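Heads up: the structure comes next, in structure tokens.
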Amino acid sequence: MKTIKIFITLILLTFTTQLVLAQTNSTSQEITIKKSAVKVKGVTCKNDLKSIADNVEKLQGVSACKAEKAGPTTTFQVQFNPLLVSEKEIFAAIEATPGCENPKDRPYKVKK
Numbered sequence: 050m051k052t053i054k055i056f057i058t059l060i061l062l063t064f065t066t067q068l069v070l071a072q073t074n075s076t077s078q079e080i081t082i083k084k085s086a087v088k089v090k091g092v093t094c095k096n097d098l099k100s101i102a103d104n105v106e107k108l109q110g111v112s113a114c115k116a117e118k119a120g121p122t123t124t125f126q127v128q129f130n131p132l133l134v135s136e137k138e139i140f141a142a143i144e145a146t147p148g149c150e151n152p153k154d155r156p157y158k159v160k161k
């Protein structure tokens, strides 16, 4: 009988510990994700949108980079973990993206 009580106690203790750890992990993940609206000049077409988003999403810590449409100033919505990547690194990745018409050209400028 004592063995059964000890066994049940261990199972309950294990379950409670896992539940507490799961809550702690989900809370810390929520805190580390940051959303930023980055305004970019020089975007003229959908291919520009895709190449910039692809280049930014290659950075470790960036989970998403999206823009609705190209225009004189295009706003990209970027989700990232500031513990892994900085806004300056994101800006640098945008400005280092090659242009569609001329791959040697770097036409995109972040509006700060």
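Basically the working numbering = 1-based index in the sequence shown + 49. Positions of the beta carbon are idealized from the N, C-alpha and C atoms, including for glycine. On a predicted model such as this, the values are computed, not experimentally measured, just so you know.
Could you spell out the range, first to last residue, of the alpha helix (DSSP H) harbouring A102?
-> 95-106
Identify whether K153 lies in helix, strand or coil by the three-state DSSP scheme.
-> coil
Anyone know if the C-beta pair for V127 and V105 falls short of 8 Å?
-> yes
Opposite T124 in the DSSP bridges: which residues?
-> K88
Under the rule that 16 or more other beta-carbon atoms within 10 Å means buried, what is D154, buried or exposed?
-> exposed
Between which two residues does the beta strand (DSSP E) harbouring K115 extend?
-> 111-116
Express the C-alpha separation of K95 and E150 in angstroms, rounding to a whole number.
-> 12 Å
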